[in-house]
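Q:
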Amino acid sequence: MKRQRTLSASQLVLLFIAGSLIAAATFLLIGVLNLHGSTGASFWMRALLSLIPLALGFYISVRAETRLKAGIAIRDFPQDDINSLRGIFETVLWGAFSIGLMLVGIFFMLRNEHPHTFGWFLFTLGQSLTRLPWIIRETTANRTPSSLWNKAKPLQSNHWGHR
């Protein structure tokens, strides 16, 4: 009996983006908590508090990515939905948008009068969003490394043991 998926491919993409936003927002939280000026127990409490959204966002995005890749591999989603997602995320505009976020983030990190946390937020968000075209790309059995090893013949030689 085939397990019924409760989330569509579009919903998993939105979950991936939401998880990436939550994880990237950790840098904004660090700026709000002002970890740079705190010391001792106050520093460690604030640092641990800021790691909660990072871990949560990372978990959400990794789970969504894993489920989306698995669903695409076993053709669990309608092909029209996957093709429409590919039409959105495999465009030059999407690549320019995500790389643009990273470049603007680097710009904010290099400027001294702005807090670096906003630059890190934009950079990590852009870096996560560049993964979307790779996640929804079609995977074929002959491109996976494990399938290549399964088809390999055992090594044989007529010259083994000779010098």
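Going by numbering that gives the first Met the number 0, the first residue of the sequence shown is number 0, and it counts up by one from there. Even for Gly, the Cβ is constructed at its ideal location relative to N, Cα and C.
What residue range is occupied by the uninterrupted alpha helix (DSSP H) comprising residue 118?
A: From DSSP, the alpha helix (DSSP H) with residue 118 extends over 115-128.
Q: Kindly indicate which three-state DSSP category residue 75 falls into: helix, strand or coil?
A: Note: residue 75 maps to coil in three-state DSSP.
Q: Can you list, in chain order, the residues of its chain with a C-beta nearer than 7 Å to that of residue 9? Leave out the 5 residues immediately preceding and following it.
A: Around residue 9: 80 and 84.
Q: Taking 8 Å as the threshold, find out whether the stretch 87-96 comes into contact with the stretch 64-73 through three or more Cβ pairs.
A: Contact between the stretch 87-96 and the stretch 64-73 is absent, because fewer than three Cβ pairs lie under 8 Å.
Q: I'd like the span of the alpha helix (DSSP H) that includes residue 9, first residue to last.
A: Counting along the chain, the alpha helix (DSSP H) containing residue 9 begins and ends at 8-32.
Q: Can you name the start and end residues of the alpha helix (DSSP H) that residue 160 belongs to?
A: Per DSSP, residue 160 belongs to no alpha helix (DSSP H) and is neither H nor E.
Q: Taking only the alpha-carbon atoms, compute the straight-line gap between residue 45 and residue 23 and give it to the nearest angstrom.
A: Roughly 17 Å between the two C-alpha positions.
Q: Mapping DSSP to helix, strand and coil, what is residue 153?
A: Of the three classes helix, strand and coil, the one that applies to residue 153 here is coil, per DSSP.
Q: Can you say whether residue 43 is buried or exposed, counting buried as having 16 or more other CB atoms within 10 angstroms of its CB?
A: By the neighbour-count rule (16 or more Cβ atoms within 10 Å), residue 43 is not buried but exposed.
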